[in-house]
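A.B. asks:
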Amino acid sequence: MPDVMPEDGLVLGLEGTAWNLSAALFGEDLIALHSSPYIPPKGGIHPREAAQHHASVMKEVISRVLTEPDRIRAVAFSQGPGLGPSLRTVATAARALSIALGVPLVGVNHCVAHVEIGRWATGFSDPIVLYASGANTQVLGYLNGRYRIFGETLDIGLGNALDKFARSHDLPHPGGPIIENLARQGDYIELPYTVKGMDLAFSGLVSAAQESAATIEDVCFGLQETGFAMCVEVTERALAHAGKDEVLLVGGVGANGRLQEMLRVMCEDRGAAFAVPERTYLGDNGAMIAYTGKIMLEHNVVLPLEESQIRPGFRADEVEVAWRTEPGEIFAAAHDGGVARGAEAVVTIREADVIKHRTSKRYRNPGLDRRLITERTRAEARLIAAARRAGVPTPVIRDVTADTIVMERVAGDVLKYVATPETIGLAGEAVGRLHAAGIVHGDLTTSNMIVRDGQCVLIDFGLASTSSEVESRGVDLHVFFQTLESTTENFAELKEAFIEGYAGAFREADEVLSREHEVELRGRYL
16 MPDVMPEDGL VLGLEGTAWN LSAALFGEDL IALHSSPYIP PKGGIHPREA
66 AQHHASVMKE VISRVLTEPD RIRAVAFSQG PGLGPSLRTV ATAARALSIA
116 LGVPLVGVNH CVAHVEIGRW ATGFSDPIVL YASGANTQVL GYLNGRYRIF
166 GETLDIGLGN ALDKFARSHD LPHPGGPIIE NLARQGDYIE LPYTVKGMDL
216 AFSGLVSAAQ ESAATIEDVC FGLQETGFAM CVEVTERALA HAGKDEVLLV
266 GGVGANGRLQ EMLRVMCEDR GAAFAVPERT YLGDNGAMIA YTGKIMLEHN
316 VVLPLEESQI RPGFRADEVE VAWRTEPGEI FAAAHDGGVA RGAEAVVTIR
366 EADVIKHRTS KRYRNPGLDR RLITERTRAE ARLIAAARRA GVPTPVIRDV
416 TADTIVMERV AGDVLKYVAT PETIGLAGEA VGRLHAAGIV HGDLTTSNMI
466 VRDGQCVLID FGLASTSSEV ESRGVDLHVF FQTLESTTEN FAELKEAFIE
516 GYAGAFREAD EVLSREHEVE LRGRYL
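Our numbering puts the sequence shown at residues 16 to 541.
(1) What distance in whole Å lies between the Cβ atoms of ARG252 and GLY95, which are believed to be in contact at a cut-off of 8 Å?
(2) Using 9 Å as the threshold, is the C-beta distance between HIS456 and LEU473 below it?
(3) May I ask which residues mark the beginning and end of the beta strand (DSSP E) holding ASN300?
(4) If I measure Cβ to Cβ from ALA305 and keep anything under 7 Å in the same chain, skipping five residues before and after, which residues do I get?
(5) Ordered along the chain, which non-local residues of its own chain (more than five positions away) have a Cβ less than 7 Å from that of LEU499?
(6) Where does GLN153 land, buried or exposed, given buried means 16+ other C-beta within 10 angstroms?
(7) Tell me the rounded alpha-carbon separation between PRO436 and ARG161.
(8) Taking the C-alpha atoms as reference points, what is the distance between ALA479 and ASN300?
(9) What distance in whole Å lies between the Cβ atoms of LEU197 and GLU232, which are believed to be in contact at a cut-off of 8 Å?
(10) Mind checking who SER50 pairs with in its DSSP beta bridge?
(11) Of all the options ARG522, GLU515, ASP525 and ASP491, which has the alpha carbon lying nearest to the alpha carbon of LEU215?
(12) Mind checking which residues open and close the beta strand (DSSP E) that includes LEU120?
(13) Could you check where the alpha helix (DSSP H) with GLY156 kicks off and where it finishes?
(14) Specify whether the segment 128-136 and the segment 283-297 touch according to this definition: at least 3 beta carbon pairs, one from each stretch, less than 8 Å apart.
(15) Could you pull the start and end residues of the beta strand (DSSP E) that MET422 belongs to?
(16) Per DSSP, ALA147 forms a beta bridge with which residues?
(17) May I ask which residues mark the beginning and end of the beta strand (DSSP E) holding VAL317?
(18) For ILE114, count neighbouring C-beta atoms within 10 Å of its own C-beta (all shown protein chains included) and say buried if the count is 16 or more, exposed if not.
(19) Exposed or buried, THR307, counting other C-beta atoms within 10 Å across all chains shown (16 or more means buried)?
(20) Which residues in the same chain have their Cβ closer than 7 Å to the Cβ of LEU449, if we skip the five residues on either side of it in sequence?
(21) Helix or strand or just coil, what does DSSP make of ASP44?
(22) Using a Cβ distance threshold of 8 Å, determine whether the segment 53-72 contacts the segment 98-108, with at least three qualifying pairs required.
(23) Can the beta-carbon of PHE217 be found closer than 9 Å to that of THR168?
(24) Quick check on VAL407: does DSSP put it in helix, strand or coil?
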């Protein structure tokens, strides 16, 4: 097979991970695209019925785009993640076409395809990506040959959350567009806001929205404002942590105008560029599979028939991104003299102390914004002091107001830039002591740890809470391991060092580490 696809060669792409069966042809540009969505008569998507729909319309969908079979150079298909019955139906068709046409087969990761078609459509090079669809809600960034997952939903995807609420009010599928329309006539109501470091959860938000006695318009408004603000917050946190300057929105929920507006405002305030592909490329579509298959083929990434099994839990960070040769980079956070800007606060660094001032976020509803600033400032000061009393290295608190904390300046090295087995082991010891004191940090990243005098000092307790639950502690570790994996090259070695330090300081470590693994598995396709 040639290293480069002929100029007149085309790749046929088949997408069918869930509700939409779609086929497309891609050459130098999109040549043809045709889709046939499965629309359930009532309720949500039934996997077997969706697969039956795909099988019944497969011939017609492919025939609409496959008008020049002699020009096909490969058949690409969505190998996963997705619903098993739908994936099997599409994979069977792809194998048959590969054999009949005598061309290679390319297995494409559905999530990576969303990112790649977004990069192609917008011209963005190295963005932080918010991928928001039915079953997936993730924040990704490229580093050293893989798309790293900075954060993701711990329960259900944003699109499924909206659909679940819609079904509870007998609104048709998909629920997102209807909720968006109803929200335009609503006012803000307070609903649960669940962000855990780089991760988030939507189940509590949906349950509260379903049980609310407010008008449907107000509930839809509050649901959107809360859920979208959670997504934008974790995107901003990843942007600040990685130091990149582009944000890309992809996935079906990306069509929502309010979500686009909130991300655009956040990027304007941070001096970052924002883009969203045209609607054709947002939802599940064959074009993204055909395009990603094309660039994979150009780099000889093909799939033998005997290895073409579907992968319902196929993670984006499992894909070796051979078609991107640049390493990707993680930069230092932005500083202006003695001022550092994080995701939710401006930190003024003086000779002896640090002033952390939580700033208002224009993208957030004013009521939600005030609530979060006040709650987080008070909780942070209280829990920093409690952790310090328990023997955890933390800054000394000197003054507190409604939105500002003045504390000791911790002179040392940010762990992100001095991550070795020794320093990561110190971090494990500090977190072990924190958990033994009944406190979870909520935002355990290597940016929130400073190595000083043989200790790892924990800072930025803005998302911390008191909890002795194994689940909360497991999520705490999951956030840290995710960040460590997405920003380092020797993750396995560093993780082992952290575990050794953690277990040495906390006798219940084994139970928490077991739960962390369960939390990790929940991140698979839901």
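Beta carbons: idealized from backbone N, C-alpha and C, even for Gly.
C.D. replies: Taking the geometry as given:
(1) Within the sequence shown, the letter at position 80 stands for residue 95. Within the sequence shown, the letter at position 237 stands for residue 252. Taking the Cβ atoms as the reference, GLY95 lies roughly 28 Å from ARG252, outside the contact range of under 8 Å.
(2) Looking up residue 456 in the sequence shown gives position 441. Looking up residue 473 in the sequence shown gives position 458. Between HIS456 and LEU473, the gap from beta carbon to beta carbon is short of 9 Å.
(3) As a first step, residue 300 must be located in the sequence shown, where it is residue number 285. Note, ASN300: premise wrong, no beta strand (DSSP E); not H, not E.
(4) Within the sequence shown, the letter at position 290 stands for residue 305. For ALA305, where only same-chain residues beyond five positions count, the Cβ hits under 7 Å are VAL26, LEU27, GLY28, ALA39, LEU40, PHE41 and ALA91.
(5) Numbered from its first residue, the sequence shown carries residue 499 at position 484. Correct list, in chain order: THR461, PHE506, LEU509 and LYS510.
(6) As a first step, residue 153 must be located in the sequence shown, where it is residue number 138. Classification of GLN153: buried, given that the 10 Å Cβ count is 16 or more.
(7) Position 421 of the sequence shown holds residue 436. Position 146 of the sequence shown holds residue 161. In a straight line, the C-alpha of PRO436 is about 22 Å away from that of ARG161.
(8) Within the sequence shown, numbered from 1, the residue matching residue 479 stands at position 464. Within the sequence shown, numbered from 1, the residue matching residue 300 stands at position 285. Those two C-alpha atoms are separated by around 40 Å.
(9) Residue 232 sits at position 217 when you count from the first residue of the sequence shown. Residue 197 sits at position 182 when you count from the first residue of the sequence shown. At roughly 5 Å, the Cβ-Cβ gap stays under 8 Å, so GLU232 and LEU197 are in contact.
(10) In the sequence shown, the residue the question calls residue 50 occupies position 35. For SER50, which the question treats as bridged, DSSP gives the partners SER37.
(11) Here the question's residue 215 lines up with position 200 in the sequence shown. Nearest option by C-alpha distance: ASP491.
(12) As a working note, residue 120 is residue 105 in the sequence shown. Judged by DSSP secondary structure, LEU120 falls within the beta strand (DSSP E) whose first and last residues are 120-124.
(13) For the purposes of this step, residue 156 is taken as residue 141 along the sequence shown, with counting starting at 1. No alpha helix (DSSP H) contains GLY156, which is instead part of the beta strand (DSSP E) from 152-158.
(14) yes
(15) Here residue 422 is taken as the residue at index 407 of the sequence shown, counted from 1. 419-423 is the extent of the beta strand (DSSP E) around MET422.
(16) Numbered from its first residue, the sequence shown carries residue 147 at position 132. DSSP output for ALA147 lists THR152 as bridge partner(s).
(17) For this step, residue 317 is matched to residue 302 along the sequence shown. Unbroken run through VAL317: none, as it is neither H nor E.
(18) Locating residue 114 in the sequence shown gives position 99, counting from the first residue. The residue in question, ILE114, is exposed, as its Cβ has fewer than 16 Cβ neighbours within 10 Å.
(19) As a first step, residue 307 is located in the sequence shown; it is residue number 292 there, counting from the start. Under this definition THR307 is a buried residue.
(20) Against the sequence shown, residue 449 aligns to sequence position 434. Shown here for LEU449: same chain residues with a beta carbon closer than 7 Å to its own, the five before and five after excluded, namely ALA402, VAL407, HIS456 and LEU473 in chain order.
(21) Here residue 44 refers to the residue found at position 29 of the sequence shown. In the structure shown, ASP44 sits in coil (DSSP, three-state: anything other than H, G, I, E or B).
(22) Verdict: yes, contact present.
(23) Here the question's residue 217 lines up with position 202 in the sequence shown. Here the question's residue 168 lines up with position 153 in the sequence shown. Yes, Cβ-Cβ distance for PHE217 and THR168 is below 9 Å.
(24) The residue given as residue 407 occupies position 392 in the sequence shown. If DSSP states are grouped into helix, strand and coil, VAL407 belongs with coil.
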